[in-house]
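Heads up: the structure comes next, in structure tokens.
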Amino acid sequence: MTSAPQTDQPRGPERLFVLKEGDSFLVADHFGDLGGQEDGLFRNDTRVLSRWRLRVGGQRPALLSSAVSQDNVFFTAHLSNQPLPVLGEPDTAQGVIHIERKRLLWEGRLLEQLSLVNFADEPASVPLDFEFAADFRDMFEVRGQRRAHRGELLDAELGQQSVTLRYQGLDDQLRCAAISFSQLPGQLDEQHARFVVDLAARAKWELFVEIGQALCEPNRTRFRQAAALARRSMRRRRRRGAQVKTSGRLFQAWLDKSRADLALLTTELPTGPYPYAGIPWFSTPFGRDAIITALQMLWLDPSLARGVLAYLARHQAREHSSFRDSAPGKIMHETRQGEMSAVNELPFGRYYGGVDTTPLFIVLAGAYARRTADRAFIESIWPALESAVSWMDEQAAGHPSGLLGYARGEDSGLINQGWKDSHDSVFHADGSTPEGPIALVEVQGYAYRAYREMAELAAERGMAERAVEWGAKAERLRAAVEQHFWLAPAGFYALALDGTGHACQVQASNAGHLLYCGLPDPERGRATAQKLLSRAFNSGWGIRTLVPDAARYNPMSYHNGSIWPHDMALCAAGLARYGERQGVVRLLAGLFEAASHFGMRLPELFCGFERAPGEAPIAYPVACLPQAWAAGSVFMMLQACLGISIDARQGRVRVERPQLPAGIDHLQLRGLKVGDGMLDLSFQRLGSRTVVFADRREGPVRLTIEQ
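Position one of the sequence shown corresponds to residue 243 (this note's numbering), numbered consecutively onward.
Here it is as structure tokens:
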């Protein structure tokens, strides 16, 4: 993702409520109001509604409760009136009018139902005021980017029961927020819609509002139809792939919430399902984020990987552009649909400034082929895979040690182009900034794994010579990493090499990704694993991105000492590969306890302070919530605990030295599809052992268990 968002007024993401559908999303407060800071209704990377506030009798109503439904379809706020003075009459008492705001997104429209019920024994006159505005700011403006010029805010178009707010962009696009009411307002102008509702005792009143690109006639039927369709769509996404059920009620709630968040963030594109990175800053296709999310979910739901691979193959770079950091074969880092990208104020319309996305694309393709044996699909993207590995070859050929490095093409691009892409995330032990091109340690692991996957895919296609060639490249890269990155005194790997070949002798979590890729030899792999599990890295809540004695360590920073769940999950999968399954169980326990403090929804990242008895983890103020690869982290860590690997080519499921998560005595895995077969598994704790057995087996599926 792009570097840490900058805002003037930090927020607590856990106190905001989000909805998403397609390329639209909504961020609102407890009351359901939009205040014009980093909240709003967004469509195609543009804020199309910056203010939407309800006032009752000129005041903000009293909050009773608010929540997003378990399936992430509805936001509902329950409110009550403050005292309502009416000239010449007794005041309506506080807390006798129940106000419910219920809303959802569907097909690019915000649909809201407002219900009032008078529980008093006397009639009440209730003045309502909807205050609205649309600044039509590009997402990057909302994040703090300054612009020399903007388009033109046009005069609003007023109807009897509607108002259309309009903006003519510098990209010649007319953007609209058309607000339609089901009842005639007493007063309507460019900023307000006012109603005076006369409620008899025990009476109910309803108003329906829709906000979209065009006007409509809101009513109860339209609201219910949209609600039914939205719920059906979300249910279909949540139920895709195998299902996990556990004996732990709270742990199950975490799994269910994570699955619901992944369903929320997944958009159905023409190429298949694609997980958008996160809300609010990254609700768009990203390359790296989607690939890692797909790897996290691959054992349960391979369809996500197929959708990601198909989309990225279709949008692979075919030309050189220093502005977009593109070159033939390179895989996309980020795409945006906003005005600033459209007029090339920023390169992110389709941006390729990620050094790791291209090898990770190949890693995902190889893992998908092994998981599904879907040879026809791999054949369809084979030209993209060959082009991707050719780009890797060209990059490595330009480095003295044959490593994969990066240097941005222009100043408008990202300075750092690995997953830690903030400006200060790569440095030498003394805190100085290295000169490029920079070769990150984890990127070499991805490249090694990519060559290995290409060798395996080539062998399956009968390309014996290419298989040998790519296998040899993988081994040469492995040797180069062991020679140049290993820090013998520390028993760990360096963060990076700078452009002169000097190591950035910083101990960072990036080295854990090497374990995931299987690059280190067994002895060094185990030493690295032990360091990652030590208190230097493990805060008690999870693995920090840096050890505390590093020069730029700051537990409140974006990348230099914080805890990222996806980073931790990749490290955990690597730990399991090198025999540290019990360590993974401990890490999963810490992350579960952290999730319980975040409402069972892990944020993009949180602060890396040492865990203190009786205290909660500390939130990072502008983290995305929800975030796809944070939601997927529990599933990758769970797979690492259970020791499950699936090879559909051989029709085999292997379970090696399984461990159940702490506090879980029984786990069921239902509907695990393997080739043309299906398998249900049960894991049961018996004393200190975990036993595994098949509840159901359909078709040619072999189960191998190694206790």
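We put the beta carbon where it would ideally sit given N, CA and C, even for glycine.
None of these values were measured; they are calculated from a predicted model.
Looking only at its own chain, which residues have a Cβ that is under 7 Å from the Cβ of residue i, when we skip the five neighbours before and after it?
i, result
"Arg894", "Arg944 and Thr946"
"Pro762", "Leu756 and Thr770"
"Ala681", "His641, Leu645, Leu646, Gly647, Ala738 and Leu739"
"Ala689", "Pro601, Met634, Leu646 and Leu719"
How far does the alpha helix (DSSP H) with residue i in it reach, from first residue to last?
i, result
"Glu364", "Run containing Glu364: none; DSSP gives neither H nor E here."
"Leu507", "Arg491 to Leu507"
"Gly754", "Asn752 to Cys759"
"Thr787", "Per DSSP, Thr787 belongs to no alpha helix (DSSP H) and is neither H nor E."
"Ala555", "Pro544 to Arg556"
"Ala818", "Pro807 to Arg819"
"Ser838", "Arg823 to His839"
"Glu383", "Met381 to Val384"
"Ala398", "Not the alpha helix (DSSP H): Ala398 falls in the beta strand (DSSP E), residues Glu394 to Leu400."
"Pro515", "No alpha helix (DSSP H) contains Pro515, which is instead part of the beta strand (DSSP E) from Gly514 to Pro517."
Assuming residue i and residue j are in contact, meaning their beta carbons sit under 8 Å apart, how far apart are those beta carbons, in whole angstroms?
i, j, result
"Cys746", "His801", "So it is not a contact: roughly 14 Å between Cβ atoms."
"Ala445", "Asp363", "The pair is not a contact, with the Cβ atoms about 12 Å apart (cut-off 8 Å)."
"Arg389", "Glu698", "The pair is not a contact, with the Cβ atoms about 48 Å apart (cut-off 8 Å)."
"Ala559", "Ser568", "4 Å"
"Thr535", "Gly874", "5 Å"
"Pro797", "Gly850", "4 Å"
"Pro570", "Ser629", "6 Å"
"Asn286", "Gln579", "4 Å"
"Gly393", "Glu652", "In fact, because the Cβ distance is near 25 Å, the residues do not count as touching under 8 Å."
"Phe273", "Leu321", "7 Å"
"Phe382", "Thr288", "So it is not a contact: roughly 10 Å between Cβ atoms."
"Phe206", "Ile805", "No answer is possible for residue 206: it lies beyond the span of the chain, which begins at 243 and ends at 949."
To which residues of the same chain is residue i closer than 6 Å at the C-beta, ignoring the five residues directly before and after it?
i, result
"Arg566", "Pro589, Tyr593 and Tyr594"
"Thr334", "Leu326 and Ala366"
"Thr599", "Gly529, Arg530, Ile573 and His575"
"Gly283", "It should be noted that the sequence gives Leu, not Gly, for residue 283. So the qualifying residues of the chain are Leu268, Val290, Leu291 and Leu352."
"Arg938", "Asp922"
"Gln403", "Phe423 and Leu426"
"Arg408", "Leu396 and Cys418"
"Gln248", "Low confidence applies to Gln248: its pLDDT is 36, below 50, so where it sits in the model is not reliable enough to give any reading."
"Trp355", "In the sequence under discussion, the amino acid at residue 355 is Gln, which differs from the Trp named in the question. Cβ within range, chain order: Lys344, Phe450 and Phe465."
"Gly885", "Val897, Glu898, Arg899 and Pro900"
"Leu775", "Gly825"
"Val405", "Ala398 and Ile421"
Among residues of its own chain, excluding the 5 on either side of residue i, which ones have a beta-carbon nearer than 8 Å to its beta-carbon?
i, result
"Arg473", "Asp313 and Val315"
"Ala769", "Gly733 and Phe734"
Return yes when at least one heavy atom of the ligand SAM lies under 8 Å from the C-beta of residue i, else no.
i, result
"Leu353", "Of ligands this structure carries none, so the ligand SAM is not represented either."
On the DSSP letters alone, give me the boundaries of the beta strand (DSSP E) that residue i sits inside.
i, result
"Leu774", "First-last for Leu774: Pro764 to Leu775, but that is the alpha helix (DSSP H), not the beta strand (DSSP E)."
"Ser924", "Gly919 to Leu928"
"Asp531", "Run containing Asp531: none in the beta strand (DSSP E); it sits in the alpha helix (DSSP H), Gly529 to Met539."
"His340", "Ile339 to Trp348"
"Trp294", "Arg293 to Val298"
"Ile860", "That residue, Ile860, is in no beta strand (DSSP E); it is neither H nor E in DSSP."
"Trp447", "Lys446 to Gly454"
"Cys418", "Leu416 to Phe423"
"Leu588", "Segment: none, Leu588 is in no beta strand (DSSP E) and carries neither H nor E."
"Ala435", "His434 to Leu441"
"Arg388", "It is not in any beta strand (DSSP E) - Arg388 carries neither H nor E in the DSSP assignment."
"Arg285", "Gly282 to Arg285"
Given a cut-off of 9 Å on the beta-carbon distance, is the pair residue i and residue j in contact?
i, j, result
"Leu358", "Val368", "yes"
"Ser643", "His744", "no"
"Arg479", "Glu373", "no"
"Met879", "Ala811", "yes"
"Gly490", "Tyr516", "no"
"Met539", "Leu504", "yes"
"Trp523", "Ala484", "no"
"Glu846", "Ala872", "yes"
"Gly608", "Met705", "no"
"Ala882", "Ala837", "no"
"Gln949", "Arg931", "yes"
"Val486", "Gln910", "yes"
"Ala626", "Arg617", "no"
"Ala753", "Val685", "no"
"Asp371", "Val298", "yes"
Give a yes or no on whether 9 Å exceeds the smallest Cβ distance from residue i to chain B.
i, result
"Pro679", "Of the chains in the structure shown, none is chain B; there is only one protein chain."
task: Report yes or no: do three or more beta-carbon pairs, one from the stretch 656-674 and one from the stretch 600-611, lie closer than 8 Å?
output: no
Stretch pair the stretch 858-872 + the stretch 495-515: three plus CB contacts closer than 8 Å: yes
contact_flag[the stretch 892-906, the stretch 822-835] where n(CB pairs < 8 Å) is 3 or more: yes
- prompt: Between the stretch 640-651 and the stretch 916-926, do at least 3 Cβ pairs fall closer than 8 Å?
  reply: no
- request: Evaluate the contact criterion for the stretch 468-486 versus the stretch 339-355: three or more CB pairs, one atom per stretch, below 8 Å.
  value: Yes, they touch.
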